[in-house]
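Since the structure comes first, as structure tokens, the remarks are kept for the end.
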Amino acid sequence: MTATPLSSSQGAGRAGDKIFSGAALAAGCLILAVLFGVALFLVVQAIPALTAPAAEIQGGAGFFAYIWPIVIGTLIAAVIALVIATPVAIGVALFISHFAPRGLANGLGYVVDLLAAIPSVIYGAWGAAFLAKEISPAYNWLAENMGWLPIFQGPASATGKTILTAGIVLSVMVLPIITSLTREIFLQTPKLHEEAALALGATRWEMIRMSVLPFARPGIISAVMLGLGRALGETMAVALVLSSGALTASLITSGNQTIAAEIALNFPEASGLKVSTLIAAGLVLFLITLAVNMIARWIISRHKEFSGAN
Amino acid sequence: MSKRIDVKDLNVYYGDFLAVEDVSIAIEAKSVTAFIGPSGCGKSTFLRTLNRMHEVLPGARVEGEVLLDGDNLYGAGVDPVTVRSQIGMVFQRPNPFPTMSIRDNVLAGVKLNNKKISKGEADALVESSLQGANLWNEVKDRLEKPGSGLSGGQQQRLCIARAIAVQPQVILMDEPCSALDPISTLAIEDLINELKDQYTVVIVTHNMQQAARVSDKTAFFNIAGTGKPGKLIEYGNTQNIFSNPTVKATEDYVSGRFG
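Here it is as structure tokens:
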């Protein structure tokens, strides 16, 4: 047996290591570069709109007056989508991971993943041509019976092409993302913790509340944030479904607009300062998404001590 | 507050595979009974049938009877949830709930089934359970800290505190010391000795010295070969099993000739 001198480097293995770490570093830098490039583009292109005299911006009252109604509209649509989609997605994911027999679970998981594969323009067409018409009687009922709430103030839109319809369509679109991610996390709950709960005499639901949901909590938040990202940025479906207009509190009349749909609808005919205004709107959307993700990270890190990662 | 267990002609299956064959055993109340045997002989599987944890795995089932003071755990209309609240379990690896504080871990079982408990009662129960698990002095100043921050041995004693907080009739322990260092192991063994004053304790262990130290009676399980079902070979007073076994296989095993 020949001793290997400590100082000699083992050629092949060491080279592989270097190539791999170099590739990983390059990939990481590439993401940062792309992100920085996009941000730089948005800022540079947006500067004319941000510095232009108020009267020259669309609406004639300056960029801020132009942007804030559609920021609110974007947030309303996204919040409606998440309020509907999150409980449904968690329910479906729990059913697939912990309640359904295996055959049914696989089939259902496949169907949910299929929902994600439908192009957004199809959702938009479905929302505009079918859902809006079918749902408008419900809006009339809401306006008559719950009209005292500002969000259901009448008269309801006759076409049903409202921000609430857009939110519902968005919720169907974000449902598969949240469902797939949360299902995977639920399945990863350590058997050890599930058995700990069961051995104490927990029912299936109590076991889920004691071990599965706490374990999955950061993952659920991440999944919801990814869904929110899609809901904030979704363009085609909202552009097709929503009959846009000025900001209104009522969710069941036509009106409101989202940033992404505003850009998509106006960009083809825009020129000069108008292009710059739309890009500035895009920059605002970028910043909203960034803020949302940072808040999500903060929420997750707040509970790090109890995450079980230690 | 402790009951005896009588098992009659129990066959344990995973799907079609017979894992443990035809076990009949009488486990005395307020005693420590140890299950020993080589890996894969079915002793853990058998232990998990005593509180119906076995059937948590898909396709797992049993035939036969397990009587808790005469009541069949597998009788018609018996809810496994009720069975498990009366027969507690401590696992091989410590598994406190990572998202809960030490205090909440102890109370986890008590708060199940929508039971309400006043803060004073809860405080008293936390203290008595942790004292029962010889852990109170070590954690009394950090009850609100996460249970996962404790050492392995402390975590295992926390799990024992959690199990005794619901005041079970029987406590099952599935190799409770196999992930622990010798000092923590000693602490758990001392605890087992104290627990038998109040509870029926059944412990699975790989460590024959441990079985000899803690148990009143010992059951030796063995398999004839891979793919064959595990069987109860010999059951008797621990002293007899270790010093004067009647079956050759038991003698070979306890004297270290195989396994």
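Chains as they are written, first to last, in our numbering: chain A, 21 to 330; chain B, 203 to 461.
Glycine included, every Cβ here is placed at the ideal spot set by N, Cα and C.
Range of the contiguous alpha helix (DSSP H) that encloses residue i
i              : result
M227 (chain A) : 224 to 227
M256 (chain A) : 256 to 261
K450 (chain B) : 450 to 456
V404 (chain B) : Note, V404 (chain B): premise wrong, no alpha helix (DSSP H); beta strand (DSSP E) at 402 to 406.
E282 (chain A) : 279 to 286
I308 (chain A) : 293 to 322
D211 (chain B) : Where D211 (chain B) is concerned, there is no enclosing alpha helix (DSSP H), although the beta strand (DSSP E) it sits in stretches over 207 to 216.
L134 (chain A) : 122 to 137
Q412 (chain B) : 410 to 416
A98 (chain A)  : 83 to 114
Opening and closing residue of the beta strand (DSSP E) in which residue i lies
i              : result
T420 (chain B) : 419 to 425
E230 (chain B) : Looking at the DSSP string, E230 (chain B) is not in any beta strand (DSSP E), and its letter there is neither H nor E.
M245 (chain A) : Here M245 (chain A) belongs to no beta strand (DSSP E); instead the alpha helix (DSSP H) covers 233 to 253.
L374 (chain B) : 372 to 376
N336 (chain B) : Per DSSP, N336 (chain B) belongs to no beta strand (DSSP E) and is neither H nor E.
M291 (chain B) : 289 to 292
A262 (chain B) : 262 to 270
I435 (chain B) : 432 to 439
Residue i to residue j span [Cα, whole Å]
i              : j              : result
N330 (chain A) : K318 (chain B) : Confidence is the limiting factor: at N330 (chain A) the pLDDT is only 42, short of 50, which leaves the residue's position unreliable and the question unanswerable from this model.
G80 (chain A)  : A74 (chain A)  : 6 Å
L233 (chain A) : T297 (chain A) : 44 Å
N442 (chain B) : D208 (chain B) : 21 Å
D325 (chain B) : D306 (chain B) : 11 Å
L246 (chain A) : Q400 (chain B) : 53 Å
K38 (chain A)  : A59 (chain A)  : 31 Å
K419 (chain B) : N439 (chain B) : 4 Å
V283 (chain B) : R224 (chain A) : 9 Å
A236 (chain B) : A125 (chain A) : 40 Å
F144 (chain A) : V258 (chain A) : Note that residue 144 (chain A) is Gly in the sequence shown here, rather than Phe. In a straight line, the C-alpha of G144 (chain A) is about 7 Å away from that of V258 (chain A).
L260 (chain A) : R122 (chain A) : 39 Å
K398 (chain B) : T202 (chain A) : 44 Å
D211 (chain B) : K430 (chain B) : 17 Å
H118 (chain A) : L207 (chain A) : 8 Å
Y455 (chain B) : G334 (chain B) : 34 Å
I158 (chain B) : G458 (chain B) : Here chain B covers residues 203 to 461 and nothing more, so residue 158 (chain B) does not appear.
S200 (chain A) : M291 (chain B) : 33 Å
T301 (chain B) : E204 (chain A) : 19 Å
A72 (chain A)  : G82 (chain A)  : 8 Å
E226 (chain A) : K313 (chain B) : 10 Å
M230 (chain A) : L212 (chain A) : 12 Å
Per-residue contacts from residue i into chain D (C-beta, under 8 Å)
i              : result
H213 (chain A) : Of the protein chains in this structure, namely A and B, none is chain D.
Under 8 Å between C-beta atoms of residue i and residue j
i              : j              : result
A136 (chain A) : I198 (chain A) : no
T402 (chain B) : R254 (chain B) : no
V416 (chain B) : N446 (chain B) : no
H408 (chain B) : E377 (chain B) : yes
Q412 (chain B) : E391 (chain B) : yes
V328 (chain B) : L352 (chain B) : no
A216 (chain A) : F299 (chain B) : yes
L271 (chain A) : L184 (chain A) : yes
L285 (chain A) : G275 (chain A) : no
A389 (chain B) : G355 (chain B) : yes
M193 (chain A) : S242 (chain A) : no
G244 (chain B) : F444 (chain B) : no
A163 (chain A) : F172 (chain A) : yes
S303 (chain B) : G349 (chain B) : yes
L70 (chain A)  : A300 (chain A) : yes
V225 (chain B) : L374 (chain B) : no
Q277 (chain A) : I90 (chain A)  : yes
A98 (chain A)  : L252 (chain A) : yes
L275 (chain B) : Q371 (chain B) : no
L252 (chain B) : V264 (chain B) : no
L297 (chain B) : C379 (chain B) : Here residue 297 (chain B) is Asn; the residue named in the question, Leu, does not match the sequence. It is not a contact, given that the beta carbons lie outside the stated cut-off.
Residue i CB to nearest heavy atom of the ligand NAD below 7 Å
i              : result
Q358 (chain B) : This structure simply doesn't include the ligand NAD, nor any ligand for that matter.
The segment 249 to 274 of chain B: positions lying closer than 8 Å to chain A by Cβ: N253, M255, V258, P260
Validate contact between the segment 296 to 315 of chain A and the segment 86 to 100 of chain A using beta carbons, cut 8 Å, 3 pairs: Touching, yes.
Under 8 Å (Cβ pairs) to chain B, residues found in the segment 226 to 251 of chain A: Those residues of the segment 226 to 251 of chain A that come within reach of chain B (Cβ to Cβ, closer than 8 Å) are E226, M230, S231, P234, F235, R237.
Three CB pairs or more closer than 8 Å across the segment 185 to 194 of chain A and the segment 146 to 157 of chain A: yes
At least 3 beta-carbon pairs within less than 8 Å: the segment 238 to 253 of chain B vs the segment 218 to 225 of chain B: yes
Near-chain A residues of the segment 365 to 384 of chain B (beta-carbon distance less than 8 Å), N- to C-terminal order: A365, V368
Cβ pair count under 8 Å reaching 3, the segment 328 to 346 of chain B against the segment 366 to 377 of chain B: Segments in contact, yes.
Contacting positions in the segment 302 to 320 of chain B - beta carbon closer than 7 Å to chain A: A310, G311, L314
Short-range partners of chain B found in the segment 190 to 218 of chain A, where Cβ spacing is below 7 Å: L212, H213, E215, A216, L218
Residues of the segment 109 to 126 of chain A with Cβ closer than 8 Å to any Cβ of chain B, in chain order: R122
The segment 249 to 278 of chain A: positions lying closer than 8 Å to chain B by Cβ: none
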